[in-house]
Structure formats: structure tokens, C-alpha cells
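In this note's numbering, the protein residues as written are 178 to 643.
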């Protein structure tokens with residue numbers, strides 16, 4: 178048993194306790210949240226064509242549905258993150274799950290196009306919170322030495338995408354009910370979402386946020402709970418004293434937090450993250466929502482099978498990103514490689530005309546896109562201090578969803594033209610290229626933000642593993 182009284186930042190303290198059962202449960206919670214984000218986005222992409230056939234919609238009207246969802250994600254990404262900086266991570270993380278469950282239920286019973294459009298907006302608004310706040314929650318419970326696991330967590334996107342494709346295949350092949358297939362697809366996903374929402378209520382507020390907001394007693398209790406769950410004994414009462422450089426940040430307005438986000442130290446990253454997210458999302462949104470149209474030479478079941486195989490490739494993509502981020506390559510160059518290869522495979526997809534080559538290049542395209550996203554969602558929260566971490570993630574994701582918002586409208590119009598497909602794929606390749614070039618200008622996260630502005634000045638603690 179050792180006793181020590183030292184000045185350490187909170188990340189060092191989490192390193193002492195280490196990764197354990199508590200983090201496994203927390204990672205499962207965040208992973209389930211991310212499965213739902215990809216599940217819903219892939220599922221909506223699959224069923225847009227079915228909805229269009231059911232209601233006799235044009236391709237442009239399909240594009241408006243995708244845009245409505247992206248508009249919701251864009252607004253939700255920033256608003257939920259602002260609320261999490263203001264009122265707590267769990268305030269946003271739990272309420273976004275409740276809203277997503279409610280809107281998915283309402284979506285099942287949409288009577289016509291415009292109600293479907295509105296419900297998709299609120300679904301997207303909820304997904305914005307699931308996606309951005311989930312990453313911040315994970316990073317604040319995770320020991321810094323294990324932060325690369327955030328990239329590994331991104332494999333849950335692939336799981337969610339595969340699940341969505343399986344739902345699509347099952348409902349189109351085995352629908353014996355007098356109900357349209359797309360409503361059954363949403364109903365199955367709703368049941369999954371409902372279970373996740375119930376599981377979410379057991380989560381604790383992060384000790385980082387509690388400390389920054391002055392709730393030291395609660396922060397101590399959470400840290401003690403983490404240690405106990407991970408089989409570390411605290412032999413003496415945990416004594417924490419804090420020095421908060423920006424102690425009123427949790428009370429700041431949106432403009433106040435944005436001012437910090439664009440302070441001298443973080444302006445460059447904030448600007449280039451905006452470019453990276455915007456153009457990467459512009460290209461990926463096309464792959465997500467219009468892939469069934471790109472595969473128009475195949476039957477509906479064949480398209481869903483191809484999309485399922487593509488989403489399966491997302492899983493190794495995110496795992497590889499975790500390995501490369503902690504290698505000598507680093508997260509910055511891993512990000513650049515993933516995005517630039519996306520541009521290459523997008524062109525190869527356009528050139529392919531055989532089933533095998535189409536399947537190969539589209540699968541590799543999704544693999545490298547997910548490699549890039551896995552890295553991006555790891556490097557973004559680590560590029561900002563705790564006080565503006567959620568705001569930084571929200572800003573970046575909102576910029577990305579702005580690209581995702583504009584793209585479906587333009588793509589729907591282009592695909593309604595003769596020979597619109599090559600133009601769309603060429604634009605996607607250009608989007609990826611611009612995003613990849615922008616990634617060269619951000620700083621490596623480990624060089625930018627060594628610690629939090631929230632510091633534990635004194636820790637009097639005795640601990641040993643059981």
C-alpha cells in the first residue's frame with residue numbers, strides 16, 4: 178500500500194485507477210448510443226425509396242427528407258453540446274435518448290409526407306446529441322493512456338449499420354403483415370432504441386463536469402465509485418481542492434463559449450475542423466442516403482446485401498484507426514490517409530462496372546471513411562479543454578451536418594438528370610480531397626491539450642488493487 182500527496186491533474190488520477198469494470202459499462206453505454214446513430218442514418222437511407230414508392234415522391238422530395246434529418250442533426254449537435262456544458266453531460270445524454278425514442282415511435286405512424294419530414298427533423302435533432310455528447314462522456318471517464326479506445330468505440334457505427342441492413346433485408350423478404358415494410362423497419366429499430374433509453378438512466382455525471390461546476394463533493398463520490406467498481410480501495414477519505422482557471426465557464430452564454438472556442442490557442446483547429454467535418458460529411462452523406470440509387474442495376478434485396486457488406490467493412494476500419502492513432506503515424510496523419518483514400522475509392526467506384534469490383538471499391542470506400550471518422554471523433558474532443566470540450570465537438574459536428582444538410586438537395590436534383598451519377602461521384606471525390614487537405618493543418622491533439630483547465634491541486638489518497 179502506498180500513500181501520497183501530490184499535485185496532479187485529473188487525467189493523471191484516472192490513470193492511477195486505470196481502465197476497469199466501470200469504464201467497460203460506460204463504454205457499452207456510449208457504444209450503444211453510437212450504434213443507434215448509424216442504425217437510424219443507414220435505415221433512413223434504405224427506406225427512403227420505399228417511402229417514395231408508397232407516396233409517389235420524386236427524387237428531389239426524397240432529398241428533402243434526407244435534408245430534414247441532417248438539419249436536425251446539425252442543430253442538435255450544437256444545442257445538445259451547449260446544454261451539456263451548461264447543465265451537465267447527463268442532462269443532454271439522457272434527454273436526447275428520450276426524445277429519439279419518442280420521435281422514432283411517432284415516425285412509425287406518419288400519415289403523410291410532411292409529418293414524416295417533421296419527425297425526421299426531430300429524430301436528427303436527437304441523434305445530434307447522441308453522437309456528440311456520447312464522445313465527450315466517453316473521453317471524460319476514460320484514463321488518458323486509454324484514450325485511443327475512443328477510436329475503437331467507433332466500430333459500433335459498423336454494428337449499427339449492419340443491424341439496419343439486416344432489418345431491411347428481413348422486412349422486405351419476410352413481411353407477411355398488411356403493413357408497409359418501411360413502417361415495420363422503423364418499429365423494430367424503435368424497440369431497440371427503447372431498451373437503450375431505459376439502460377441510459379443508470380449513468381453518472383462525469384467527475385470532470387462536476388468539478389468544473391463546483392460540485393466537489395459529488396465529484397469525489399463519483400471518483401470513489403469508479404475506484405470501488407474497478408477494485409481499488411481508497412483507504413482514506415478523498416480530499417480534493419480545485420483551481421478553476423475559467424471557473425464560470427459552465428455559466429457562460431453560447432457566445433461566451435464560442436469566444437473561448439475561437440481564442441488564440443484554439444482558433445486554427447476550430448476553423449480547420451469546420452472544413453474537415455463539412456466536406457467529409459458532404460461526401461459521406463451521399464454514400465449514406467443515395468447508395469441504393471447508385472446501385473440501381475440490382476434488386477432491392479441485392480442492394481441491401483451489398484450495403485450490409487459495406488457496413489461490415491466499417492468495423493475493421495474503426496479498429497485499424499485505433500491502432501494507427503497510437504502508432505508512430507499518429508492521429509493526424511491517420512485522419513489524412515483515411516480521407517484521401519476515400520477520394521481515390523470514390524473515383525474507382527465510378528469506374529467499376531462489374532459486381533465484384535463495385536462491391537470491392539464501395540466496401541473499401543466505407544472502410545476508409547469509417548477509419549477517418551473513427552480518428553476524427555477521437556482527435557476532436559482531445560483538442561479542447563474540459564470547459565469547452567462539448568462545445569468544440571458540437572461546433573465541429575454542426576459544421577459537418579451543414580454539409581450533410583446541403584448535399585441531399587443538390588444530389589437529388591443531379592440524380593434526376595441524365596448522367597447525373599458520374600457528376601455526383603466526382604463531386605464526392607472532390608469533397609473528400611478538400612477535407613483531406615484541410616486535415617494537414619490541424620495540430621496533433623497530444624501536443625495541443627496536455628491537461629484540463631480543471632486541476633486537482635491536492636489529492637491525499639491511499640489505494641491498492643484488491
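Using N, Cα and C, we set each Cβ at its ideal position, and we do this for glycine too.
State buried or exposed for residue i, treating a residue as buried only when at least 16 other CB atoms are found within 10 Å of its CB.
| i | result |
| --- | --- |
| residue 262 | buried |
| residue 420 | Residue placement at residue 420 cannot be trusted, given a pLDDT of 41 that sits under 50; the coordinates are not used to answer. |
| residue 296 | buried |
| residue 273 | buried |
| residue 541 | buried |
| residue 533 | exposed |
| residue 378 | exposed |
| residue 157 | Because the chain is modelled from 178 through 643, residue 157 falls outside the range shown and cannot be assessed. |
| residue 446 | buried |
| residue 317 | buried |
| residue 251 | buried |
| residue 436 | exposed |
| residue 613 | buried |
| residue 526 | buried |
| residue 440 | exposed |
| residue 235 | exposed |
| residue 472 | buried |
Cβ of residue i within 8 Å of Cβ of residue j?
| i | j | result |
| --- | --- | --- |
| residue 370 | residue 254 | no |
| residue 589 | residue 240 | yes |
| residue 511 | residue 552 | yes |
| residue 451 | residue 573 | yes |
| residue 469 | residue 311 | no |
| residue 143 | residue 332 | Since the first and last residues shown for the chain are 178 and 643, residue 143 lies out of range. |
| residue 306 | residue 270 | yes |
| residue 349 | residue 477 | yes |
| residue 309 | residue 571 | yes |
| residue 290 | residue 232 | yes |
| residue 543 | residue 490 | yes |
| residue 443 | residue 259 | no |
| residue 315 | residue 330 | yes |
| residue 266 | residue 383 | yes |
| residue 453 | residue 606 | no |
| residue 579 | residue 455 | yes |
| residue 449 | residue 268 | no |
| residue 523 | residue 602 | yes |
| residue 220 | residue 373 | no |
| residue 585 | residue 243 | yes |
Out of the options, point me to the one whose CA is closest to residue i's CA.
| i | options | result |
| --- | --- | --- |
| residue 566 | 389, 335 and 285 | 389 |
| residue 194 | 298, 290 and 323 | 323 |
| residue 608 | 460, 382 and 465 | 460 |
| residue 213 | 603, 288 and 363 | 363 |
| residue 217 | 339, 579 and 269 | 339 |
| residue 327 | 443, 201 and 484 | 201 |
| residue 376 | 584, 585 and 204 | 204 |
| residue 246 | 275, 284 and 264 | 284 |
| residue 433 | 515, 568, 192 and 530 | 568 |
| residue 277 | 359, 346, 366 and 514 | 366 |
| residue 493 | 256, 230 and 336 | 336 |
| residue 334 | 400, 546 and 592 | 546 |
| residue 224 | 500, 303 and 347 | 347 |
| residue 237 | 483, 610, 513 and 591 | 591 |
Taking the alpha helix (DSSP H) that residue i belongs to, which residues open and close that run?
| i | result |
| --- | --- |
| residue 231 | 198-232 |
| residue 251 | 236-264 |
| residue 616 | 597-616 |
| residue 485 | 477-502 |
Helix, strand or coil for residue i? Go by DSSP, reduced to three states.
| i | result |
| --- | --- |
| residue 561 | coil |
| residue 446 | helix |
| residue 409 | strand |
| residue 380 | coil |
| residue 342 | helix |
| residue 392 | coil |
| residue 324 | coil |
| residue 529 | coil |
| residue 287 | coil |
| residue 348 | helix |
| residue 573 | helix |
| residue 427 | Residue placement at residue 427 cannot be trusted, given a pLDDT of 47 that sits under 50; what the coordinates show is reported in the next sentence. Helix, per DSSP. |
| residue 620 | coil |
| residue 584 | helix |
| residue 523 | helix |
| residue 594 | coil |
| residue 361 | helix |
| residue 356 | coil |
| residue 190 | helix |
| residue 505 | coil |
| residue 195 | coil |
Does the beta carbon of residue i come closer than 8 Å to any beta carbon on chain D?
| i | result |
| --- | --- |
| residue 570 | Chain labels in this structure do not include chain D; a single protein chain is all it has. |
Closer than 7 Å to a non-hydrogen atom of the ligand SAM - does that hold for the CB of residue i?
| i | result |
| --- | --- |
| residue 276 | The ligand SAM is not part of the structure shown, which contains no ligands of any sort. |
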